[in-house]
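Trainee: The structure's right below; bear with me while I get my questions together.
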Amino acid sequence: MVEIKESVIAQLKTFCQVYGNEVGGVLTGSIISDNIYRISNVSDPCAVIELSSRCRFVRDAGKANDFIKSDFKGSEHTRVYVGEWHTHPEDNPQPSSVDIKSVREIYKKSDIVLNGVFLIIVGLKSNYYGFYDGKSMIEINVTIV
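Numbering (the working numbering), first residue to last: 415 to 559.
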């Protein structure tokens with residue numbers, strides 16, 4: 415089960431890509447209990463502006479890591495990196511092969527606390543919520559709290 419704080423959904427809506435380039439960043443949260451995760455915070459966009467385009471987002475790893483470290487400290491070590499978010503200029507987004515490859519690389523190379531990586535893609539009318547478990551990207555249902 416995945417819970418997402420209402421404040422996270424509200425903040426993600428402000429990044430909706432009506433025009434301009436894709437943007438994205440990172441998600442932090444915590445393990446509430448066995449198989450219950452909560453996404454509690456979302457970074458502001460962490461994009462390398464000169465490398466991003468309408469259909470491409472390149473994350474600034476330094477900005478993303480600064481946010482993760484600051485949120486970990488500010489939460490008294492209760493919130494950790496749980497995943498990624500970015501925008502798509504379409505109504506009801508689905509992850510592209512590039513999105514899945516990127517999350518797969520993050521899963522392989524990062525020190526992650528969870529047994530996978532969450533992905534939220536912000537669309538114009540709806541969001542995609544997924545979880546990469548080390549084998550495949552799975553679309554998930556979320557509960558807003």
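All residues carry an ideal CB built from backbone N, CA and C; glycine is no exception. In this text, all values refer to a predicted model and were calculated from it rather than measured experimentally.
1. In chain order, what residues of the same chain have a beta carbon less than 6 Å from the beta carbon of residue 454, not counting five sequence neighbours either side?
2. So, does the CB of residue 521 fall closer than 8 Å to a CB anywhere in chain D?
3. Between residue 500 and residue 537, is the Cβ-Cβ spacing less than 8 Å?
4. Drop a sphere of 10 angstroms on the beta-carbon of residue 460, count the other beta-carbons inside from all chains shown, and report buried for 16 or more, exposed for fewer.
5. On the CB-based measure, 16 or more other CB atoms within 10 Å of its CB, does residue 505 come out buried or exposed?
6. Residues in its own chain within less than 8 Å of residue 557 by CB, not counting five upstream and five downstream?
7. Taking buried to mean at least 16 other C-beta atoms within 10 Å of its own C-beta, is residue 535 buried or exposed?
8. Nearest CA to the CA of residue 517: which residue from 432, 439, 429?
9. DSSP puts residue 498 in a beta bridge; with which residues?
10. Shortest alpha-carbon distance to residue 432 belongs to which of 524, 489, 468, 425?
11. According to DSSP, residue 416 sits in a beta bridge with which residue or residues?
12. Using 8 Å as the threshold, is the C-beta distance between residue 496 and residue 532 below it?
Mentor: Taking the structure as given:
1. Excluding sequence neighbours, residue 454 sits near 419, 443, 493.
2. Absent here is chain D; the protein component of the structure consists of one chain.
3. no
4. buried
5. exposed
6. 415, 416, 417, 418
7. buried
8. 439
9. Looking at the DSSP assignment, residue 498 forms a beta bridge with 440, 533.
10. 468
11. 451
12. yes
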